[in-house]
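Residue numbers (the working numbering), protein chains in the order written: chain A, 61 to 654; chain B, 27 to 317.
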């Protein structure tokens with residue numbers, strides 16, 4: 061997690077101290093404020109609640125906001141931390157910080173086990189398993205009376221002392237937890253622009269694309285969920301010390317929902333959103349108390365209204381207005397070293413596919429295909445709709461498991477490798493239906509490509525940014541580096557996707573129908589781009605229906621029909637092959653070319 | 027052994043309630059991809075409506091049930107308009123949160139109107155039940171099982187044998203294609219919300235004489251219905267029913283033979299086990315995404 065990069069393009073992102081001065085300043089301010097402010101009783105409690113909840117909600121920012129996985133058990137992890145501190149200090153008389161550490165470790169372990177069990181599955185499964193975990197924990201806390209004190213809860217939880225300095229006084233303890241909240245905020249904020257944070261966001265935006273960008277999707281999700289469990293327990297442990305009394309009903313399903321709502325209302329993709337959301341939702345019921353009995357009803361209604369009118373949360377509302385003020389990037393950049401690792405074209409085989417088969421039940425989508433892609437050539441794979449081209453690419457890149465056959469890439473058998481490991485070996489691809497990371501900027505998208513483990517720049521954040529910019533420059537998208545990919549036109553998104561693949565310095569680039577959905581001008585531009593890539597000696601495999609484009613760039617053509625190879629060879633030979641004309645071109649080529 | 031059959035019967039009775047609530051869940055998941063955390067509040071409101079009509083206004087019991095269910099159907103439309111409609115293009119999570127907001131709102135409105143006390147209410151029959159051999163058949167549980175079975179049959183007939191049912195199915199399978207074929211998708215989704223709310227209301231009314239009517243009566247039922255939905259197979263109708271029944275029986279047996287305080291844990295332990303071992307549930311499809 062040393063790989064850091066920022067919003068700026070001149071490399072301040074690589075600054076490991078970024079945000080630290082502000083954080084130190086913030087800590088000094090909150091400590092002084094907490095120490096000397098006349099916060100007593102009621103207000104002290106509100107502040108303690110807000111600060112400790114914020115730490116838990118920051119955990120949700122990581123798992124939900126960054127990584128896109130729904131967790132409905134944050135109050136359970138919060139509770140594990142709280143009970144560890146409470147039982148540890150009251151019943152077992154151990155040091156506060158040791159008890160806190162035990163709680164955090166236990167919570168992280170629970171998170172890992174739950175995550176390892178369900179995160180292989182997509183979508184809502186984590187949400188469901190966390191609901192169960194939440195319910196079971198509540199039942200255990202309530203019913204295991206001899207250990208947890210049951211529904212009566214635990215009283216007289218100790219506050220810590222450190223090197224003889226006691227945090228027993230309310231204001232002093234508040235200063236401690238506020239400082240902790242600031243540090244956790246800094247951590248979560250920095251995480252977002254770290255390599256791991258980018259990987260999480262890539263997983264959130266598009267799991268398949270993330271996996272073919274060298275990201276271990278499953279591992280990333282497990283780590284994100286583990287971090288959220290750890291932060292939940294830290295918040296909970298500090299909460300227990302703050303209120304000195306805890307009971308099972310403080311960590312129930314409803315409280316998990318409240319934390320989830322805090323994250324979403326504030327804006328789950330930013331730590332500042334989490335802070336805003338937490339403070340608002342802690343204060344909102346207090347502000348609404350003048351409404352007496354119906355205040356919680358008004359609170360519920362406000363939740364709906366905020367969801368409807370502030371789609372990106374309170375912070376998202378502010379943030380989108382700030383983003384527009386970022387200047388377009390105009391500095392010059394170094395050229396893209398396309399062949400940095402691979403030397404000149406030698407025509408040696410790079411990708412060798414032998415007897416590859418993929419069956420879906422009785423359907424033989426790919427049926428014993430042989431094919432060799434040679435270094436420095438452009439190899440086109442064509443065929444009618446449903447002939448198995450995209451399935452072929454999906455099997456080669458590992459999204460589908462091969463039913464039979466062997467795939468060798470750069471002299472390594474990759475048939476059984478996971479998609480991210482194939483990318484790490486140097487296989488990059490684009491998708492027929494563009495798969496970019498829509499919630500991230502153009503630059504961040506391409507940085508994910510450049511960070512491919514095994515790439516020559518992957519370990520140095522400064523170089524990653526430089527490489528990403530060079531790739532963007534190559535596709536003439538450098539000026540849009542700061543824009544959100546989701547705001548770009550379809551054609552430009554395709555260029556971002558290609559730049560993402562180029563930035564990873566692939567041994568072979570697989571383009572799945574790059575001309576699909578482009579208008580005529582864009583197709584001409586794409587043709588020029590492909591010729592430039594070919595001129596640089598990049599090894600490319602392209603699928604497309606645009607015969608004009610294929611003829612312009614291809615050195616070698618393979619034709620598929622009904623999952624079988626029906627022709628293979630030099631473009632002229634293949635395109636005049638009678639089977640190809642019958643199956644695909646449909647009529648003599650002279651008329652087709654017109 | 028008579029104990030065992032007694033427990034099975036009781037489990038099927040409570041399981042039928044889970045099945046009904048779960049069915050309401052599944053229909054919304056299928057029609058609108060909405061995971062409705064306010065589903066339990068439908069049951070709670072249905073029960074309170076019956077309290078108003080029967081306990082307070084003194085109307086005929088069965089007339090009161092009919093009226094409550096009709097009002098719940100109308101309420102389903104309002105619910106859809108407030109929580110689903112403005113957020114329908116924004117993916118699953120915002121709608122989930124807004125249904126949570128609605129659930130908080132509804133619970134607290136009812137709390138404000140009726141206070142926190144638990145209201146007892148009469149069952150469907152004057153007689154408590156009857157004896158078959160050594161097994162006591164509670165008339166309310168028997169009624170729940172029979173009504174649930176009848177509703178499932180009715181729903182099957184509507185879905186499979188009527189044009190409306192075909193349109194509803196088409197909507198749930200592919201909204202875009204359905205709308206291109208001239209099916210009024212919006213109306214279909216609204217019908218589903220109304221039906222889901224009516225179903226939830228009826229489940230609340232049926233369970234009310236057993237659990238009594240309170241603001242929180244449906245909370246745990248909702249979560250278990252949700253668990254039933256996963257155990258049966260996410261989004262599967264037969265799965266929701268079978269999952270509900272299986273859960274009801276398992277937890278009744280578990281509470282009796284293993285542990286009473288942890289009765290509510292069995293549902294969630296079952297859910298955990300299923301998610302780890304067979305995540306697609308009893309009737310679910312294999313999970314995969316197209317590249």
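The C-beta atom is built at its ideal place from N, Cα and C for all residues, glycine as well.
Contacting residues, own chain, Cβ-Cβ under 7 Å from residue i (five flanking each side not counted)
i: residue 458(A); result: 477, 478, 479 and 482
i: residue 463(A); result: 417, 418 and 419
i: residue 543(A); result: 501 and 502
i: residue 257(A); result: 126 and 251
i: residue 175(A); result: 281, 282, 285 and 286
i: residue 35(B); result: 161, 163 and 167
Residue i burial status per 10 Å Cβ neighbour count (16 or more: buried)
i: residue 308(A); result: buried
i: residue 180(B); result: exposed
i: residue 167(B); result: buried
i: residue 400(A); result: At residue 400(A), the pLDDT of 49 sits below 50, so the modelled position is not reliable and the matter cannot be decided from this model.
i: residue 250(A); result: buried
i: residue 108(A); result: buried
i: residue 38(B); result: buried
i: residue 449(A); result: buried
i: residue 594(A); result: buried
i: residue 94(A); result: buried
i: residue 315(A); result: buried
i: residue 306(A); result: buried
Minimum C-alpha distance to residue i - residue among the options
i: residue 395(A); options: 532(A), 507(A) and 555(A); result: 532(A)
i: residue 471(A); options: 446(A), 435(A), 493(A) and 494(A); result: 435(A)
i: residue 60(B); options: 135(B), 243(B) and 106(B); result: 106(B)
i: residue 298(A); options: 274(A), 331(A) and 159(A); result: 159(A)
i: residue 177(A); options: 275(A), 208(A), 279(A) and 216(A); result: 279(A)
i: residue 246(B); options: 258(B), 217(B), 291(B) and 262(B); result: 291(B)
i: residue 367(A); options: 379(A), 346(A), 349(A) and 337(A); result: 337(A)
i: residue 203(A); options: 31(B), 56(B), 287(B) and 257(B); result: 287(B)
i: residue 48(A); options: 433(A), 187(A), 640(A) and 596(A); result: Here chain A covers residues 61 to 654 and nothing more, so residue 48(A) does not appear.
i: residue 610(A); options: 119(A), 369(A), 573(A) and 89(A); result: 573(A)
i: residue 474(A); options: 492(A), 455(A), 490(A) and 489(A); result: 455(A)
Cβ-Cβ distance between residue i and residue j below 8 Å
i: residue 116(A); j: residue 333(A); result: no
i: residue 486(A); j: residue 566(A); result: yes
i: residue 198(A); j: residue 303(A); result: no
i: residue 58(B); j: residue 140(B); result: no
i: residue 192(A); j: residue 298(B); result: yes
i: residue 511(A); j: residue 524(A); result: yes
i: residue 301(A); j: residue 220(A); result: yes
i: residue 674(A); j: residue 242(A); result: Beyond the ends of chain A as shown, which are 61 and 654, falls residue 674(A); an answer cannot be given.
i: residue 17(B); j: residue 156(B); result: Residue numbering for chain B in the displayed model covers 27 to 317; residue 17(B) lies beyond these limits and cannot be assessed.
i: residue 561(A); j: residue 488(A); result: yes
Cβ shell of residue i (< 6 Å), same chain only, five flanking positions each side left out
i: residue 554(A); result: 494
i: residue 600(A); result: 438 and 569
i: residue 62(A); result: For residue 62(A), the pLDDT reaches just 33, beneath the cut-off of 50, and the residue's location in the model is therefore unreliable, although a value from the coordinates is still provided. Counting only Cβ-Cβ distances below 6 Å, and skipping sequence neighbours, we find nothing.
i: residue 551(A); result: 578 and 582
i: residue 120(B); result: 113
i: residue 162(A); result: 144
i: residue 62(B); result: 54 and 125
8 Å Cβ shell around residue i - same chain, five flanking residues per side excluded
i: residue 195(A); result: 313
i: residue 374(A); result: 325, 326, 327, 333, 336, 337, 340 and 366
i: residue 321(A); result: 337, 341 and 363
heavy atom of the ligand FMN below 7 Å from residue i C-beta
i: residue 503(A); result: The ligand FMN is not among the ligands present in this structure, which contains no ligands whatsoever.
Sufficient close CB pairs (3 or more, under 8 Å) joining the region 352-366 of chain A to the region 127-136 of chain B: Yes, the region 352-366 of chain A touches the region 127-136 of chain B.
Segment contact flag, the region 261-271 of chain B with the region 42-53 of chain B, C-beta cutoff 8 Å, min 3 pairs: Yes, the region 261-271 of chain B is in contact with the region 42-53 of chain B.
Touch test, the region 71-82 of chain B against the region 222-238 of chain B, Cβ-Cβ under 8 Å, three pairs minimum: Three or more beta-carbon pairs drawn from the region 71-82 of chain B and the region 222-238 of chain B are found closer than 8 Å, and the two stretches are therefore classed as touching.
Three CB pairs or more closer than 8 Å across the region 220-231 of chain A and the region 338-356 of chain A: No: the two stretches stay apart, fewer than three of their Cβ pairs being nearer than 8 Å.
Cβ contact (3+ pairs, closer than 8 Å) linking the region 419-430 of chain A and the region 597-614 of chain A: Taking one beta carbon from each stretch, the region 419-430 of chain A and the region 597-614 of chain A have fewer than 3 pairs nearer than 8 Å; the two do not touch.
Contact between the region 88-98 of chain B and the region 248-259 of chain B (3+ Cβ pairs under 8 Å): No: the two stretches stay apart, fewer than three of their Cβ pairs being nearer than 8 Å.
Positions along the region 66-100 of chain B whose CB lies within less than 8 Å of some CB in chain D: In the structure shown, chain D does not exist; the protein chains are A and B.
Segment contact flag, the region 74-90 of chain B with the region 201-208 of chain B, C-beta cutoff 8 Å, min 3 pairs: Flag = no, the region 74-90 of chain B and the region 201-208 of chain B do not touch.
The region 140-155 of chain A contacting the region 201-217 of chain A, beta-carbon criterion three pairs below 8 Å: Output reads yes: the region 201-217 of chain A touches the region 140-155 of chain A.
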